[in-house]
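Okay, so here's the structure we're looking at.
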Amino acid sequence: MASMRRVALAPRTVRQLRRVRSVYAAGAVLSALVLILEEGRPASGRQTEFAGILLGAFVVLLGVTVIQLWRHSRTDHCSTAKRLTSSA
Numbered sequence: 224m225a226s227m228r229r230v231a232l233a234p235r236t237v238r239q240l241r242r243v244r245s246v247y248a249a250g251a252v253l254s255a256l257v258l259i260l261e262e263g264r265p266a267s268g269r270q271t272e273f274a275g276i277l278l279g280a281f282v283v284l285l286g287v288t289v290i291q292l293w294r295h296s297r298t299d300h301c302s303t304a305k306r307l308t309s310s311a
C-alpha cells in the first residue's frame, strides 16, 4: 500500500474550504429534507431523482472538503503558514 502524501494548503485555501464546508452541509440537509417530504407523494418521480442526485453531490463534496482539511491538519504547517505567524 502506497504511503499517503501529506498536504500543506495555503492559508487562503484553508479559509475557503472551511467556508464552503457549511454550505455543502446545508445543501445535503436540505436535499435530504426534500427526499423525506417527497417520499409520501405518488407522482414525484423526477423531483425525487433530482433531490437524490443533489444529495449525492453535496455528500461527495462535503466528504472531499473534510478529508482535505483533515489531511492539512495532520501536517507540519507549510512555509507560508510559518511566515504568517509572528516570531517575536
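Terminal number for the sequence shown in this note's numbering: 311, no gaps in between.
Here a beta-carbon is modelled for each residue, glycine too, at the ideal position from N, C-alpha and C.
Note that the structure is predicted; figures quoted are calculated from it, not measured.
Query	Result
Terminal residues of the continuous alpha helix (DSSP H) containing Leu278?	Gly268 to Ser296
Could you name the residues of the same chain whose beta carbon sits closer than 6 Å to that of Ala274, not counting the 5 residues immediately before and after it, in chain order?	Ser254, Val257 and Leu258
For Arg238 and His295, I'd like the C-alpha separation in whole angstroms.	12 Å
Tell me whether Leu278 is buried or exposed, calling it buried when 16 or more other Cβ atoms sit within 10 Å of its Cβ.	buried
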